[in-house]
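Respectively, the protein sequence lines represent chains A and B.
Per my numbering, the first sequence runs over residues 1 to 857.
Per my numbering, the second sequence runs over residues 858 to 1117.
In this text, a Cβ means the ideal position worked out from N, Cα and C, and glycines have one as well.
Accompanying notes for the structure given below.
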Amino acid sequence: MLRTALRNALAHKARLAMTVLAVCLGVAFVSGTLVFADSSAAAYRAAATRNFAGVAVTVTPKSPPPGAAADRSAGVLDDALARKLAGVPGVAAVRPSVDGVATLNASDGTPLRADKAWAHPAAAYVPGADGKDSRYPLVKGRAPANSGEVALDSGTAAAGHFRTGDTVTLAVDGPVMTKRLVGIVTTEDSRVTAGGTLALFDKATAQHLFATPGHYTGIDLSAAAGTNQAELAGRVTAVLPADRAEATTGSAQAAQQATNVETMTRGYKKIPMVFAGVSLFIGSFLIVNTFTMLVTRRSREIALLRAIGASRRQVVRSVLWEALLVGLAASAAGFVAGLGIASVLPDILGTSADPLPSGPLVIGVRPVVAALGVGVGVTVLAAWLPARRAAKVAPVEAMRTAGQPPSTARSRIRAVVGLALLALGAGLLISLTGAKDASEANLRSAMFGCAVLVVAMVVLAPLLAGPVIRLTGRLTGRFGLTGHLARQNALRDPRRTAATASALMISTALVAGLAVLGSSTGQALDRQAAAGLGADYVIGTRTPTLTVDPAAVRRVTDTPGVRTATAVTDSTVLLGGSSKEISGVDPGTVKDVMRLDLTSGSLADLGPGRIAVSGTVAREHGVRAGGKINASMGTGGPGREFKQYTVAAVYKDNPIAKDVLGARAEVAKHSFTPGSVQRVLVRTDGGTVSRTIEDRLRTAVGDNPLLKVQDRKAIVREAAGTVGELLTLMYGLLVIGAVISALGIVNTLAMSVAERTREIGVLRAVGMDRAGIRRMIRLEAVTVAAFGTLLGLAGGLFSAWAVGSLANGAMTEYSPAPPWGTLLLVCLLSLAIGAIAAAVPARRAAALSPLEAVADS
Amino acid sequence: MTADPFAPHALRTTPGIAAATTDLTKVHGSGDTRVVALDRVSIEFREGEFTAIMGPSGCGKSTLMHCAAGLDSPSSGSVRVGTTELSALDDRQLTQLRRDRIGFVFQAFNLLPTLTALENITLPLSIAGRRPDQQWLDRVVAMVGLSQRLGHRPAQLSGGQQQRVAVARALASRPAIVFGDEPTGNLDSRAGAEVLGFLRESVRELGRTVVMVTHDPVAAGYADRVVFLSDGRLVDEMTRPTPDRVLDRMKAFDTRAHTG
């Protein structure tokens, strides 16, 4: 039977090529993503290992126990301790370090890669015995020698367009500093190589900024040859003041750093994995279809095998062997393609500001097993159904010329199962729309509902093919006889038509659903930001402990082009038992910069002892304007006091105003840094938003890279974050769906043309010209495509509506906003795919001679 | 010169000839596999005549019909349908000629399974985008006795009924000539007799020209004239044949084949 399978596989090369391609695509994504994941993890690990290459043990101050004074251990690591550690047996060298964080401006004054708070290490340049710091090899210039100098790593210098001698603006945790760039170094620090920045100061400056004079934040020890890291750590711990410092091995730190950086960049792997899943799922329809058609075509041959004594099991096995061969070939090809994907993924996913680590491709066992398992598994599983069906063919049945229409009993079972699934999926989704709560559990139920819905649609598709195609037939009917024939041909085998259309159906559903969700979410975010924001610019801080210099607020107010600038103090307030975010505003100007939708009361009444609360807070505490509420402002300590406040107003939830509004004078008294300012809301003359104004505002706040100057668009973009990812996903899915659907249509049509050779010959004999034949095949393809698209569109829109109403719980401004233009484009694209996929089969059909009808009977 | 292929060629035209071949030769393959299917066959099919082409298997009778009907192209020689020289036509023009001026009845019926009987009958007209001449259509449908079954699909019809649909299809566009390729080959004798009766009626009563390839002497007995082909050559001709006379003539081929 293996030989039969091999012969069959070879005999249907062209047909199987499509299947191989479909499987190949899925396997390529799976193995590509896994190889990419392994390779980047290995690259991170390698970088981290290099970074800690010379470090056997690091001594750091112990974190103080909660409640203890924070600065107690700051002074433990000093030169005396360093000398003491140098005397520990097994220590080869001692290198003290002073590490902190510094955010830079690029040479044009804009913050450099400032979005990643975790990726801006700063350190002291600590020369060793040879006068050089081995951790930061200089490639240009010299080491920073005084408090006015700085060195940067080469990547940062390039990204910020700096050359030695330039002035660098940077901030550590508060005021802006300017320093002269004197040197450029290289570093293995994976935080920096993964898209961060590095600033180096001389030892005294670093100690001043990140510790206290004469003290260090860490002491690195290198080990003498043959010394075990763990043993050394033990000996070092023995000489340390036990409660104030601790020792960690270098390898443990390297592992920790690699894990940290990898976690930060994990999101990159999600999208390719989704592509892999979708392409395999859609591809499996193509495989089922191909094998069904191959088996149908061979039904006589199978009947012959059965007649001469082959058992059912042998027939099934023969088909499965064939699938196995196809699966193996496809997996192998897919794996090779996957390596290609893995090698280009870093360039596609990374940007110049966001480079992914480069390193050799790491081909582990996992991707190989996954590729084989997925490729062979999906193919064999998909072939199993048609194989069983083939084995059931009674020898007599197969000798008949015409295929039997599927029994009504079977289609009734199909209808019952399909409708049950549809009811389950749709019912689940509809029941969730009442929940209006985007909790994890609800989202998971929604995903499950969508999946069930898709399966239901796949099951019901053959039954829907008739009615839907009769409907689209009204359009194709305009093409006269060819349109009529195309429609009839598409209706001839509803199961095949449905299976062919399924690929397009699923991809259309996914794309339409994502498009609706993406556009609705985007608009909701935009509305949300717009609803709350009356200002044209918001100046905010990148870290919660940071404040805006009050002098800067005055400078902003005096900036030409600025009409109003209002300082806002952000703090927390304890209401009942829960902590809420409070914004301290000036009651006089708040109306200019925040657009508040008051449900009751008046903001003019804000003042000492009088606060305004959001709708949610009002509901939670059952208060309305004029009511009283107990609250405690500020972060507070153990002895915090509650005080009764009068609710002056209630406003609709608003991300700019946050949970509670209070008078700034009162809120600032209780804030983390009393009297501080966290946000400045700016209104410009005539609402102007321009690069010039933005630059002026940046100058007004002293070009501090730790401050964000954002217009409304930037705020929305920041809030949208993942929505952009959704769009990438959508277009990617569209392309994959299109490719696989096209393959499926080509495959079905080619088979269908081969089966209808005689009919096409008759049409040619009785006078249809080649153009007519081509048009007929193309219209058939378009009909199938239209069927899949319509079904997919319906499913996608319904699911998006249901899932979207969950989003309503998380986003008050959410309302379904289908992007009709995009959806129309998707539909037209699907029809175009049908027409394009038909090109080759149509040409082949048109080339058939009319003699085919009469000859070879 | 952009001659209209359908314009009369005065010099070659013989009035009353529906189709004709002159020195028609068809060679399949080359070298060792070279087979001469037709060897300089010249024959005329007169208007209003029912001609049967007979001969032993492999004598070239089907090839002759295919060439005469514009389904196959000759290696050399000429084929005319009415006044049109087929060798001058490109594929599109040949297609149009088949559609408008030639009718076919195949051994395997060859109806389109997705179309109803009526849709099959009017297929050539639909392809041409023309409305059927209702009077003519009614007459043809009535003749083949299908008035009650026009809405049926081929799968719902018996073989004889399917072939009657095929005959009606061949006549629907009032073609100049109808070609039949073993039209009774797949039918039992009763259904076969019916179909042959319709073909003869279409000649007698509707004034059509019919050319039929057959190996059945009984079928040939319905024709006005029988031509005999052997080894790609025209060897004999018989007018007003009867099955017995045809059978005798065919036996002569067999004898010669056995002795020679």
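- Taking a C-beta cut-off of 9 Å against chain B, the contacting residues of the segment 749-770 of chain A are Arg758, Glu759, Gly761, Val762, Leu763, Arg764, Ala765, Val766, Gly767, Met768, Asp769, Arg770, listed in chain order.
- Taking a Cβ-Cβ threshold of 8 Å, none of the residues of chain A is close to His1009 of chain B; the smallest such distance is about 15 Å.
- Of the residues A:Arg313, A:Arg297, A:Gly377, the one whose Cα lies closest to the Cα of Leu328 of chain A is A:Gly377.
- Excluding residues up to 5 positions away in sequence, Asn289, Gly744, Ile745, Thr748, Val784 lie with their Cβ nearer than 7 Å to the Cβ of Thr500 of chain A in the same chain.
- Between Arg778 of chain A and Ala835 of chain A the beta-carbon gap is near 5 Å, inside 8 Å, which marks them as a contact.
- Taking 9 Å as the upper bound on Cβ-Cβ separation, chain B lies near residues Gly480, Leu481 of the segment 465-481 of chain A.
- Within 9 Å of the CB of Leu485 of chain A, the CB atoms of chain B belong to Leu969, Thr971, Leu972, in sequence order along the chain.
- Within the DSSP secondary-structure output, Thr248 of chain A pairs in a beta bridge with A:Thr58.
- Pairing Asp1081 of chain B with Arg1097 of chain B gives a Cβ-Cβ distance under 9 Å.
- When CB distances to chain B are screened at a threshold of 8 Å, the residues of the segment 485-501 of chain A falling below it are Leu485, Gln488, Asn489, Leu491, Arg492, in chain order.
- One Cα belongs to Ala307 of chain A, the other to Arg298 of chain A, and the distance between them is close to 14 Å.
- Using a CB distance below 7 Å, the part of the segment 906-932 of chain B facing chain A consists of His923, Leu928, Asp929, ordered along the chain.
- In this structure, the alpha-carbon of Phe1085 of chain B lies about 34 Å from that of Ala847 of chain A.
- Not one beta carbon of chain A lies nearer than 9 Å to the beta carbon of Gln1013 of chain B.
- Residue environment for Trp820 of chain A: exposed (fewer than 16 other C-beta atoms within 10 angstroms of its C-beta).
- Fewer than three beta-carbon pairs drawn from the segment 762-774 of chain A and the segment 444-456 of chain A are found closer than 8 Å, and the two stretches are therefore not classed as touching.
- From the beta-carbon of Gln953 of chain B, the residues of chain A found nearer than 8 Å are Gly767, Asp769.
- When 7 Å is used as the limit between beta carbons, Leu980 of chain B is near these residues of chain A: Val766, in chain order.
- One thing to note: Thr559 of chain A has its Cβ no nearer than 9 Å to the Cβ of Lys708 of chain A.
- Taking 9 Å as the threshold, the shortest C-beta distance from Gly986 of chain B to chain A falls below it.
- Of the residues assessed, Asp189 of chain A falls on the buried side of the cut-off, its CB having 16 or more other CB atoms within 10 angstroms.
- The Cβ of Phe902 of chain B sits no closer than 9 Å to any Cβ of chain A.
- Gly148 of chain A has no beta-bridge partner at all, per DSSP.
- Judged by DSSP in its simplified three-state form, Asn105 of chain A adopts strand.
- In the three-state reduction of the DSSP assignment, Gln644 of chain A falls in the strand class.
- The Cβ of Arg1026 of chain B sits closer than 9 Å to at least one Cβ of chain A.
- If you check the CB distance, Val57 of chain A and Leu221 of chain A come in under 9 Å.
- Interface criterion not met: the Cβ of Ser741 of chain A is under 9 Å from no Cβ in chain B.
- DSSP places Tyr651 of chain A within a strand segment (E or B) once states are collapsed to three.
- In terms of Cβ geometry, Thr882 of chain B and Val898 of chain B form a close pair [threshold 9 Å].
- The continuous stretches of beta strand (DSSP E) do not include Val192 of chain A, which lies in the alpha helix (DSSP H) extending over residues 190-193.
- Close CB contacts of Pro89 of chain A within its chain, under the 7 Å cut and outside five residues either way in sequence, are with Arg235 (chain order).
- As computed with DSSP, Phe961 of chain B is found in a beta bridge with B:Phe1036.
- In terms of Cα proximity to Leu325 of chain A, the closest of A:Leu152, A:Ala17, A:Thr296, A:Met768 is A:Ala17.
- Counting along the chain, the unbroken beta strand (DSSP E) around Ile582 of chain A starts and ends at 578-585.
- Distances from the CA of Ser107 of chain A to each of A:Asp115, A:Gly165, A:Lys84, A:Ala92 were compared; the closest alpha carbon is that of A:Gly165.
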